[in-house]
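**Student:** My numbering puts the sequence shown at residues 23 to 117.
Backbone N, C-alpha and C fix where the C-beta goes; we use that ideal spot for every residue, glycine too.
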Amino acid sequence: MTGTFAFDESDATQGNLVGEIHSHPGGNTVPSVADWARVDAWSGWTGRNFRSYVIARDTSDPNSDFAIRVYDTTSDRDIDANGPEVNPEAAPCSS
Ligand SMILES: [Zn+2]
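Okay, structure coming up:
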């Protein structure tokens, strides 16, 4: 949850790019303006609904859990509109 990195887009193709995941160490649970720009750009390039997964937690509570929330081109872009939490019960993806 610290530091920065450059997105490695070297193996991304229009056929395999479906989404991205990254953290917000500051605790912001919604995409930034730059995040939305990538959602729009990658959706346009792939012709699919690109997804952005944002990992964050309540930084005012040191014991708070991390949550992964998902956003795409159909999401509400209001800065207070949290996207749905992905796998909130940490259940397996397959049964
Ligand atoms: Zn972000």
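Going by DSSP in three states, Gly41 sits in which element: helix, strand or coil?
**Tutor:** Residue state, collapsed to three classes: strand.
**Student:** Count the other CB atoms, across all protein chains shown, that sit within 10 Å of the CB of Ser74; report buried if there are 16 or more and exposed otherwise.
**Tutor:** Classification of Ser74: buried, given that the 10 Å Cβ count is 16 or more.
**Student:** Given this structure, state the Cα-to-Cα distance separating Val52 from Gly41, to the nearest angstrom.
**Tutor:** Distance between the alpha carbons of Val52 and Gly41: 15 angstroms.
**Student:** What did DSSP end up calling Ala112 once you bin it into helix, strand or coil?
**Tutor:** Coil.
**Student:** Taking contact to mean at least 3 C-beta pairs separated by less than 8 angstroms, is the segment 56-75 in contact with the segment 93-106?
**Tutor:** Taking 8 angstroms as the limit for Cβ pairs, the verdict is that the segment 93-106 does touch the segment 56-75.
**Student:** Which two residues bound the contiguous alpha helix (DSSP H) that contains Ala63?
**Tutor:** Looking at the DSSP string, the run of the alpha helix (DSSP H) that includes Ala63 is Val55 to Thr68.
**Student:** Is Arg91 buried or exposed, if buried means 16 or more other CB atoms sit within 10 Å of its CB?
**Tutor:** Buried.
**Student:** Is the closest heavy atom of ligand 1 to the C-beta of Val55 under 7 angstroms?
**Tutor:** Not so, every heavy atom of ligand 1 lies at least 7 angstroms from the Cβ.
**Student:** When DSSP labels each residue in this structure, what does Ile101 get in the three-state scheme?
**Tutor:** Note: Ile101 maps to coil in three-state DSSP.
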